[in-house]
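Novice: The structure that follows is given in the form of structure tokens.
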Amino acid sequence: MPDTVQPIRFGSNSGQPVSRRDGIAKVTGAATFSADNSPANLLHAVYLPATIARGRVTHFDTAAAQAHPGVTHVITPANRPDVQGDPEAKPTLFSFRVEILQDDSVRYAGQPIALVLGETLEAATEGARLLAPQYAAEPVATDLDDGAPFDIEPGGFGRPQGMVHGDIDAGHAAARQAIDVTYETPAQYHNAMETHAIVAEWDGDRLTLDVPSQALNMSCAAYAYFFGIPAENVTVRSPYLGGGFGSKAIPIGPNILAILAARMTGRPVKLMLTRQQMFGPTGHRPATRQRLRMGIDATGALTALDHESLSASSRFDDFFEPASNASQGLYAAGALRSVHKGVRLDIGTPGPMRAPGEASGAAALECAMDEMAHAAGMDPLEFRLRNYAETEPGTGKPFSSKALRDCYLQGAERFGWDGRPLDPGQMRDEAGLLVGWGMGTALFPCPMFAAEARATLRPDGTALVETSAADMGQGAWTSLAQIAADSLGLPLDKVAFNAGHSSLPDGGVAGGSGHTATAGTALHEAGCDVIRQLGEIAATDPASPLHGAGNARFVARDGHLFIEGDDSRSEPFTDILARAGGAALTGSGKGVRPPEVGQEFAMSSHGAVFAEVRIDPELCQMRVTRLVGAFAAGRIINPKLAESQLMGGMIWGTSFALHEKVTHDRTTGRIVNADLAGYHVPVNADVLGLEVITVHEDDLHVNVLGVKGVGEIGIVGTVGAIGNAIWHATGKRIRRFPIRIEDLLTA
Amino acid sequence: MSKIHVTTTVNGDEVEFLADPRETLLDCLRDKLGMTGSKEGCGTGDCGACSVTLDGTLVCSCLVLGVEADGKQVGTIEGVAEGGVLHPLQKKFIEHAALQCGFCTPGILVAAKALLEQNPNPTETEVRYWLAGNLCRCTGYDKIVRAVMDAAADLRGEAA
């Protein structure tokens with residue numbers, strides 16, 4: 005029978021603005037997040053956070069807590085059952101040291117110091133309050149000025165590596181004009197809308213956890229370590245995450261305490277952090293102080309770009325914000341230096357938070373670039389184009405792709421950048437408000453972690469693809485299914501996607517903006533493996549129209565197998581499988597980047613953000629009235645969901661520029677604004693005129709899919725763009741984020 | 081602590097439960113009635129993830145005691161779709177990608193529905209300010225507003 009099917013090309017699913025597959029579950033309230041699980045015989049756990057930041061707990065009123073009706077257990081360092089793992093060890097790649105009541109010491113405010121179990125949440129909460137801890141407190145240091153800066157010894161995750169290219173002193177000396185400016189960024193907390201939560205249940209030596217996780221299989225290994233069981237004995241179910249932003253990749257201490265409580269009591273235990281506790285043992289973006297020294301020659305070319313960042317970490321573990329990394333790969337400069345320094349404070353250990361390094365670093369870098377452009381009398385965009393890096397600065401490595409010039413031009417055109425006055429304070433709107441325009445460049449690297457996937461083609465022509473991939477809102481379940489459908493040559497509605505469970509092939513880490521690239525590559529390879537097997541069956545089956553096409557390449561489209569370049573010969577998958585006995589075919593794939601590719605090419609996503617602000621000249625109230633971002637991030641699998649990611653990132657940029665900051669009480673070391681009333685984030689009313697352009701970019705090297713990633717880059721250029729727009733409106737250069745009304749009033 | 085018998089109506093159905101007098105309406109809905117669509121995002125009325133209606137008024141159910149629901153009408157996310165048919169707001173949220181992680185979404189939909197019931201033709205500014213009490217960290221603010229405006233037009237029988 006002649007085949008009349010109209011072939012659908014690869015990419016028929018990828019590239020389409022498909023609505024998210026978990027949409028109905030999420031708009032009806034049916035999507036179950038971890039704290040929505042309440043198994044029978046459940047115990048509620050509440051931990052008591054320390055109210056000092058350094059010292060020891062000297063006394064608990066354990067009897068009062070224990071006597072409270074409904075309280076079943078009170079656990080303090082004095083009676084905590086043993087764990088098998090060392091809380092000061094780091095069992096997996098991204099682990100941090102944890103506080104699990106190993107002793108009576110307090111190393112930051114908000115640290116868990118006791119755990120109370122109760123038949124109800126109310127009983128456990130009241131029991132924890134009744135513990136009334138007494139302390140021997142010591143003086144604390146919580147601000148950058150309170151510690152002694154030191155050079156960070158590079159050492160992988162959390163200990164960033166600086167770099168020097170060229171002769172930085174000669175670069176400074178050669179400058180015709182120079183600036184030397186210092187910017188500060190505050191500590192910020194992730195504050196996903198879903199607080200950390202866990203439901204832990206043991207069955208013998210097997211452990212089942214309902215816990216949001218950005219890295220399911222890696223977290224199984226970490227939990228297993230603490231309880232002395234094989235990783236395969238731990239099951240993590242994480243079908244939905246209510247946001248992660250970096251905070252849910254790593255097991256936190258309270259989760260381990262909940263598991264311990266479940267083991268101790270033989271009952272399932274639920275522990276959910278309160279919002280206030282989300283400012284405790286959860287990681288955060290640490291404060292930075294960044295000094296930028298730049299020089300230019302008579303043409304406006306950078307002779308030196310010298311970026312030194314100081315970042316806080318805790319006293320007992322290492323995560324220093326890699327802020328000056330932002331200057332390592334962006335602008336061509338005669339000489340380039342990036343330096344990382346640290347201080348140790350009485351704070352919880354920081355961690356990766358959406359665009360770690362680049363967000364803080366580019367906030368300072370992009371404002372400094374604006375200052376340098378103004379000193380040179382150049383338009384900020386012209387100045388950036390003057391210093392455009394055609395190859396990776398310093399190394400000269402080619403970029404795998406770089407459509408930043410298109411981002412600049414398309415963004416500027418959409419925004420209407422032409423005609424912007426060079427000097428500040430020149431524009432007013434009809435209501436008399438000061439108007440300012442600013443811009444910033446965005447970049448973010450394209451890492452790939454390792455992932456695995458499995459694809460099964462069923463005899464009825466449908467497929468099941470599986471990986472433990474986490475959908476924390478970015479739309480992984482949808483875009484990854486689109487990739488898998490293309491690789492299998494099936495329409496999306498014939499592909500079932502199973503994810504969010506650790507028993508599935510390891511979906512890797514949903515972080516570093518690399519999840520679509522990594523898990524997507526694994527799914528693509530799994531699909532290709534199935535199609536290769538199907539081709540082998542067809543080629544050796546005399547009854548197939550594809551018989552004998554031994555060395556030809558097969559192409560799968562719309563449920564049919566074709567010989568590449570010859571659409572006249574094809575056969576439906578279902579016929580091939582039926583004749584072969586009607587069994588399903590299963591293939592597997594891995595997503596990793598060959599190391600040689602990373603050595604050959606520099607790989608980054610890029611973007612350009614343009615901001616307009618309007619400011620009341622008397623009250624100095626600031627509004628971001630327009631925000632246009634143009635981003636080149638390789639192949640966009642799902643434009644609708646990628647746009648959401650980029651917009652979300654840009655709103656985080658607004659938040660960084662104008663809203664978010666924790667403030668410590670310098671006497672007690674406590675965070676004084678540890679709730680959503682005091683820790684400000686934008687609301688609907690703060691977001692106006694938001695536009696995203698995705699700039700076409702083909703990348704043949706970054707991975708087989710050409711996908712770079714869009715999860716974090718949106719924040720990167722936006723912070724500086726807003727800071728620069730505020731300067732352009734007012735002539736006031738505020739070098740400390742967030743920029744507040746009082747800063748403008750007093751500047 | 082002795083418990084109090086509460087009789088209330090949730091999404092049109094009469095229900096009864098025994099509440100600890102300290103227990104929030106949010107916890108009663110989630111733990112006593114198994115209606116986990118309403119979420120706790122802050123417990124202090126700042127984020128709106130627990131939004132429900134109480135006799136038609138939009139409230140944060142984390143700030144209402146379960147016993148206060150006695151004799152009242154409670155509306156939750158579970159009642160927004162009727163008879164298995166999505167409400168236009170729900171359809172437009174999916175169509176406009178006005179949700180990401182989805183944790184804030186139930187509260188935003190309940191709040192948006194309450195807005196459109198009292199103001200079927202809101203301006204964009206009215207939507208932005210009405211929903212200013214519903215935080216979305218992911219953040220879908222622009223698309224949320226577009227989805228609500230589009231759903232409002234749909235409910236008025238207009239093409240958006």
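Sequences listed follow chains A and B, in order.
Each residue of the first sequence is one higher than the one before, starting from 5 at the first, in our numbering.
Each residue of the second sequence is one higher than the one before, starting from 81 at the first, in our numbering.
Backbone N, C-alpha and C define an ideal beta-carbon position, used for all residues, glycine too.
1. With a CB to CB cut of under 8 Å and the five nearest residues on each side skipped, what residues in its chain are close to P202/B?
2. Mind listing the chain A neighbours of I84/B? Cutoff is C-beta to C-beta under 7 Å, in chain order.
3. Name the two residues that bound the continuous alpha helix (DSSP H) containing H176/A.
4. In chain A, which residues lie with their C-beta within 7 Å of the C-beta of A212/B?
5. Would you please verify whether the beta carbon of M5/A is less than 8 Å from any beta carbon of chain B?
6. Tell me, please, which residues DSSP counts as bridged to V75/A.
7. Compare the C-beta of D26/A with all C-beta atoms of chain B and state if any pair is closer than 8 Å.
8. Pop quiz: G465/A and G563/A are said to be a contact at Cβ under 8 Å. What is the actual Cβ separation, rounded to whole angstroms?
9. Please classify S572/A as buried or exposed, where buried requires at least 16 neighbouring CB atoms within 10 angstroms.
10. Spell out a yes or no on whether the stretch 393-408 of chain A and the stretch 619-626 of chain A are touching, meaning 3 or more CB-CB pairs, one atom from each, closer than 8 Å.
11. I need the straight-line Cα distance from A526/A to T307/A, nearest angstrom please.
12. Output the distance between the C-alpha atoms of T590/A and G250/A, rounded to the nearest integer angstrom.
13. For the alpha helix (DSSP H) containing C140/B, name the first residue and the last one.
14. Would V676/A be called buried (16 or more neighbouring beta carbons within 10 Å of its own) or exposed?
15. For Y244/A, return the contacting residues in chain B, with the cut-off set at a CB-CB distance below 9 Å.
16. Using a Cβ-Cβ cutoff of less than 6 Å, which residues in the same chain neighbour R271/A once the five nearest sequence positions on both sides are dropped?
17. In terms of residues, what are the limits of the beta strand (DSSP E) holding M276/A?
18. So, is the C-beta of A231/B closer than 8 Å to a C-beta in chain A?
19. Taking 8 Å as the threshold (beta carbon to beta carbon), is D40/A in contact with chain B?
20. Three-state secondary structure (DSSP) at W481/A?
21. Taking Cβ-Cβ distances shorter than 7 Å, what residues in chain A pair up with D100/B?
22. Can you check which of these residues, N91/B, P168/B and G125/B, is closest to E238/B by C-alpha distance?
23. Can you name, in chain order, every residue of its own chain whose Cβ lies under 6 Å from the Cβ of D7/A, other than the five neighbours on each side?
24. Cutting at 6 Å between CB atoms, please list the residues of its own chain near G415/A, excluding the five before and the five after it.
25. Which residues does DSSP list as the beta-bridge partners of K345/A?
26. Does DSSP put L134/B in a helix, in a strand, or in coil?
27. Given a limit of 9 Å on CB to CB distance, which residues of the stretch 138-168 of chain B reach chain A?
28. Assign A227/B to one of three DSSP states: helix, strand, or coil.
29. Could you tell me which of V708/A, A366/A, P243/A and D433/A sits nearest to F183/B, measuring between CA atoms?
30. Given a limit of 9 Å on CB to CB distance, which residues of the stretch 110-141 of chain B reach chain A?
31. Write down the C-beta distance between H344/A and S364/A rounded to the nearest angstrom, noting that I regard them as a contact closer than 8 Å.
32. Just to make sure I have the definition right: I need the residues of chain A whose C-beta is within less than 8 Å of the C-beta of C108/B. Which are they?
33. Is the Cβ of G162/A closer than 8 Å to any Cβ of chain B?
34. Show which residues of chain A have a CB atom less than 9 Å away from the CB atom of Q170/B.
35. Can you give me the Cβ contacts of L748/A inside the same chain, cut-off strictly under 8 Å, excluding the 5 residues immediately before and after it?
36. Mapping the DSSP letters down to three states, classify I675/A as helix, strand or coil.
Specialist: In this structure, then:
1. Indexing the second sequence from 1 puts residue 202/B at position 122. Once the five neighbours on either side are set aside, the close Cβ partners of P202/B are L195, L196, W210, V228, M229 and A232.
2. Translated into positions along the second sequence, residue 84/B becomes position 4. Residues of chain A passing the Cβ test: none, with the nearest at roughly 13 Å.
3. Taking the first sequence and counting its residues from 1, one reaches residue 176/A at position 172. Unbroken alpha helix (DSSP H) run through H176/A: I172 to A177.
4. Against the second sequence, residue 212/B aligns to sequence position 132. Those within 7 Å of A212/B in chain A are V687, N688 and A689.
5. Translated into the one-based positions of the first sequence, residue 5/A becomes position 1. Because M5/A sits at a pLDDT of 31, beneath the cut-off of 50, its placement in the model cannot be relied upon, and the following sentence gives the value as read from the coordinates. Not closer than 8 Å to any Cβ of chain B, the Cβ of M5/A fails to qualify, so no.
6. Indexing the first sequence from 1 puts residue 75/A at position 71. Looking at the DSSP assignment, V75/A forms a beta bridge with G122/A.
7. In the first sequence, residue 26/A corresponds to position 22, counting from 1. Closer than 8 Å to some Cβ of chain B, the Cβ of D26/A qualifies, so yes.
8. Mapped onto the first sequence, residue 465/A falls at position 461. Mapped onto the first sequence, residue 563/A falls at position 559. Yes, G465/A and G563/A are in contact; Cβ-Cβ is about 5 Å, under 8 Å.
9. Along the first sequence, read from residue 1 onward, the residue named residue 572/A stands at position 568. Residue environment for S572/A: exposed (fewer than 16 other C-beta atoms within 10 angstroms of its C-beta).
10. The stretch 393-408 of chain A makes no contact with the stretch 619-626 of chain A: fewer than 3 CB pairs, one atom from each, lie closer than 8 Å.
11. Translated into the one-based positions of the first sequence, residue 526/A becomes position 522. Translated into the one-based positions of the first sequence, residue 307/A becomes position 303. Taking the straight line joining both Cα atoms gives about 43 Å.
12. Numbered from 1 along the first sequence, position 586 holds the residue referred to as residue 590/A. Numbered from 1 along the first sequence, position 246 holds the residue referred to as residue 250/A. Roughly 33 Å separates the two Cα atoms.
13. In the second sequence, the residue the question calls residue 140/B occupies position 60. Unbroken run through C140/B is the beta strand (DSSP E), T137 to C140; no alpha helix (DSSP H).
14. For the purposes of this step, residue 676/A is taken as residue 672 along the first sequence, with counting starting at 1. V676/A comes out exposed.
15. Along the first sequence, read from residue 1 onward, the residue named residue 244/A stands at position 240. Simply C181, G182 and F183.
16. Counting from one through the first sequence, the residue named residue 271/A turns up at place 267. Cβ neighbours of R271/A beyond the five flanking positions: N45 and L47.
17. Position 272 of the first sequence, counted from the first residue, corresponds to residue 276/A. V273 to M276 is the span of the beta strand (DSSP E), which, as asked, contains M276/A.
18. By one-based count along the second sequence, residue 231/B stands at place 151. Closer than 8 Å: no.
19. Here residue 40/A refers to the residue found at position 36 of the first sequence. So yes, D40/A belongs to the interface.
20. Position 477 of the first sequence, counted from the first residue, corresponds to residue 481/A. Looking at W481/A - three-state DSSP - the assignment turns out to be helix.
21. Your numbering for residue 100/B matches position 20 in the second sequence. Per Cβ cutoff of 7 Å: T124 and E126.
22. Sequence index remark: in the second sequence, residue 238/B carries index 158 (1-based). For the residues N91/B, P168/B and G125/B, the minimum Cα distance to E238/B belongs to P168/B.
23. Sequence index remark: in the first sequence, residue 7/A carries index 3 (1-based). The predicted model places D7/A with a pLDDT of 37, which falls under 50 and marks its position as unreliable; any figure quoted below should be read in that light. Correct list, in chain order: S574.
24. Stepping through the first sequence from its first residue, residue 415/A is reached at position 411. A612, F614, V632 and A634.
25. Within the first sequence, the letter at position 341 stands for residue 345/A. According to DSSP, K345/A bridges with D155/A and L314/A.
26. The residue labelled residue 134/B in the question sits at position 54 within the second sequence. If DSSP states are grouped into helix, strand and coil, L134/B belongs with the strands.
27. Cβ contacts with chain A come from T156, I157, E158, V160, A161, L166 and H167.
28. For the purposes of this step, residue 227/B is identified with residue 147 of the second sequence, where counting begins at 1. It is helical.
29. Taking the first residue of the second sequence as position 1, residue 183/B is located at position 103. Distance check between F183/B and each of V708/A, A366/A, P243/A and D433/A places P243/A closest, using alpha-carbon atoms only.
30. R110, D111, G114, M115, T116, G117, S118, K119, E120, G121, C122, G123, T124, G125, D126, C127 and A129
31. Here residue 344/A corresponds to residue number 340 of the first sequence, with the count starting at 1. Here residue 364/A corresponds to residue number 360 of the first sequence, with the count starting at 1. With 8 Å as the limit, H344/A and S364/A do not qualify as a contact, their Cβ atoms being about 12 Å apart.
32. Stepping through the second sequence from its first residue, residue 108/B is reached at position 28. Going along chain A, no residue has its Cβ under 8 Å from C108/B, so there is no contact; the nearest lies around 11 Å.
33. Here residue 162/A is taken as the residue at index 158 of the first sequence, counted from 1. Not an interface residue.
34. On the second sequence, position 90 is the one that residue 170/B refers to. Correct list: G27, I28, V31 and T32.
35. As a first step, residue 748/A is located in the first sequence; it is residue number 744 there, counting from the start. Once the five neighbours on either side are set aside, the close Cβ partners of L748/A are I619, C624, M626, I730, T734, K736 and I738.
36. Numbered from its first residue, the first sequence carries residue 675/A at position 671. The answer is strand: DSSP assigns I675/A an E or B state.
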